[in-house]
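Residue numbers (our numbering), protein chains in the order written: chain P, 1 to 294; chain E, 1001 to 1438.
First comes the structure, then the notes that go with it.
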């Protein structure tokens, strides 16, 4: 093997084509977008070199601050929600439903394969107040509570968004964590039980530490996915009411494509990339700790 | 692999990556600088890029291609493609960047996109072209002046000539002893009477936003005068000034009383029309393009004879007048400069001569073209509106006509919050002003 990798030509033949394709379809657009951050204008009006103007604007634009705050809030709440519900479901599959869990697993997984727009329409109808009450408002009316304009205020719109996205993705995280839980050797569990460990102690002392690697992978998946949230927001609230549910991705999209400002849009994209990178590095670093030491 | 090999490889790839980066930077700067020139001899098909939501123009062009413009269609066949309104500006920018604009296309959502295209030399000057073709008299002077005040030049075909105002349900007003209001105070009193009688006073789409911001804009035109928003566009006034905030306050007050009904932010365009035509609301602020729905007996349960039109009422003590109707040219069409050739010219001549008649005859919609067929029977409601247009003086543009794309979005996406009380009138005006960039 050392001989093969020591041969420069062999490296070039093996790696070259893949690297070229990767460079063409990944690196070039990324670097191209990076180039845009130093320009203002659009494809219609032409581009002008603007130096660091876009970066200055980025740090003074209150909308970036709002969008960033919303993105962080959404990412943290949704990651916690997805992982907790997913983990609870995984525990349910492994320790309660056991072999009978396949039907439930399939049903809970099903929303992830549905198109986001279809799910968003479903939730819009469920939570609507006009022209007629949706299922949720009808249920509230039944117990004597007045209808709520769910998409009319920032907090309620955010709540619907969180509920929808957790419902949509919990099946995926449940399966991911389920696979991790299956890897825990039954002997260890059995010996813990013999030592008198109750259900809670079993989860805290055995299951949680041994499923930590897959849990961390899930967190990385979740936080990176939620930081880049776009389609579900666009389809469910379109960033509204006002701009109260507008994440950085939607603001970036509107800036570049609706407002025709590609340079500033690319600068927002760069900010998002840096945030994703930092979060991933932080999680990777913290996951390198040797868990068996203590 | 040894550390030395690693270092060598890294050294070898660094210049490559740096080269890609520098090249991209250079190309980025150069890519948009093209003048959009087209070396071909013009179009081989009469391609039309339509808004998915607007089928009226495509239908009229199709009718023309099969009838009055069959010969032109033989030489240059009509081909219609659709693009949803939400992503229309994006599509125009994409096509313009590749010098691939269709022969004829709906102008973008914001006038700024059309102005940018025109400045980049990609749009045909309709005024000059029609003069050369000898068909300039086929465009109504009022439509020409609206296009010029909107774009600065005659660069669009007025497929509609709309005036906007308040449509009202005659039966509901009569039943509640209300005469059509002529002042804002009368309108507010009428709304209070209707609300007390259990009738929803206004139907409006908060999801679209613009039917609500139109009320703010018209109020400004009535209080400050027809130049109210031109002054803002020119930087001579700001929306945060007290007299501008007063307009937002007046509309917010209607919302605070619940006059727009429940969940106004979730009401889409069609629902707002249906609410009115099914007799569930007394007033609807809308443009005359809605005549096609009103004149359609299948969709209009009220019957066109039960619908009346009044201009936006005057505000007592204001400088504006209700004679100044808000006007626009609907979905104006633009023609690609590079796609123009003799066949396209023939098509444009045919459109100018026949569009007005087909649009009015088939759809009951008033266009900015002259109606050259005297045999067209005009529905009574359309005739009534024509009379209102004839009786009106100057026209005014709509609220966001002179705003950039960002301020337009901010205005329209926050309109529902203004009437639900989620933001104050001061906050609403501050948000829009901040995005105007003046």
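A virtual CB, placed ideally from N, CA and C, is assigned to each residue, including glycine.
For residue 1117/E, the chain P residues whose C-beta falls within less than 7 Å of its own C-beta are 44, listed in chain order. Going by beta carbons, residue 1330/E and residue 1162/E fall inside the 7 Å limit. For a Cβ distance threshold of 8 Å, residue set 44 and 260 of chain P lies close to residue 1113/E, ordered along the chain. Each residue's CA atom was taken as its position, placing residue 1123/E and residue 1154/E some 10 Å apart. In this structure residue 1113/E does not touch residue 1333/E by the C-beta definition: roughly 14 Å separates them, more than the 8 Å allowed. Boundaries of the alpha helix (DSSP H) around residue 125/P: 116-127. Within the same chain, 1343 come within 6 Å of residue 1075/E by CB-CB distance, once the 5 residues on both sides are set aside. Per DSSP, residue 1048/E lies in no alpha helix (DSSP H) segment; the continuous beta strand (DSSP E) that holds it begins and ends at 1046-1051. Distance between residue 113/P and residue 80/P, taken at the CA atoms: about 22 Å. Judged by DSSP in its simplified three-state form, residue 41/P adopts strand. By the neighbour-count criterion, in which a residue is buried when 16 or more other Cβ atoms sit within 10 angstroms of its Cβ, residue 1192/E is exposed.
Within the segment 1408-1430 of chain E, contact with chain P at the beta-carbon level (separation under 7 Å) is assigned to 1409, 1413, 1414, 1416, 1417, 1420, 1422 and 1423. Ranking 199/P, 211/P and 166/P by CA distance to the CA of residue 185/P puts 211/P first. Exposed is the label assigned to residue 1301/E, since fewer than 16 other Cβ atoms lie within 10 Å of its Cβ. Looking at the backbone, the Cα of residue 195/P and that of residue 183/P are separated by about 21 Å. Residue 1313/E is positioned such that its CB atom lies closer than 7 Å to that of residue 1183/E. When DSSP states are grouped into helix, strand and coil, residue 1079/E belongs to the strand group. Under DSSP, the beta-bridge partners assigned to residue 1334/E are 1105/E. For residue 26/P, no alpha helix (DSSP H) segment is defined, and its DSSP state is neither H nor E.
Taking 8 Å as the cut-off between beta carbons, the residues of the segment 224-242 of chain P near chain E are 238, 239, 240, 241 and 242, in sequence order. In the DSSP assignment, residue 1310/E is bridged to 1166/E. In this structure, residue 1055/E and residue 1209/E do not form a Cβ contact; the two beta carbons are roughly 22 Å apart against a cut-off of 8 Å. Cβ contact annotation for residue 82/P (same chain, cutoff 7 Å, sequence separation greater than five): 166, 169, 170, 173 and 222, in chain order. In this structure, the alpha-carbon of residue 1431/E lies about 11 Å from that of residue 62/P. In summary, residue 128/P is buried, with 16 or more beta-carbon neighbours lying within 10 Å of its beta-carbon over all protein chains present.
If you ignore the 5 residues before and after residue 1240/E, its C-beta comes within less than 6 Å of the C-beta of 1429, 1430 and 1433, all in its own chain and listed in chain order. Around residue 1380/E, the same chain offers 1304 and 1305 as residues with beta carbons nearer than 8 Å, after the five sequence neighbours per side are excluded. Residue 1287/E sits in a strand when the DSSP states are folded into three classes. If you look at residue 1200/E, you'll find it in the beta strand (DSSP E) that goes 1200-1203.
Residues of the segment 1077-1094 of chain E with a Cβ closer than 7 Å to any Cβ of chain P, in chain order: 1089, 1090 and 1093. With contacts defined by Cβ atoms closer than 7 Å, residue 1213/E and residue 1367/E do not form a contacting pair. Taking each of 13/P, 226/P and 50/P in turn and checking the Cα distance to residue 279/P, the smallest one comes out for 226/P. The bridge partners DSSP lists for residue 1139/E are 1369/E.
For residue 137/P, the uninterrupted alpha helix (DSSP H) segment begins and ends at 135-142. Where residue 1326/E is concerned, the enclosing beta strand (DSSP E) starts and stops at 1325-1328.
Listed along chain P, the residues sitting closer than 8 Å to residue 1405/E by beta-carbon distance are 258, 259 and 260.
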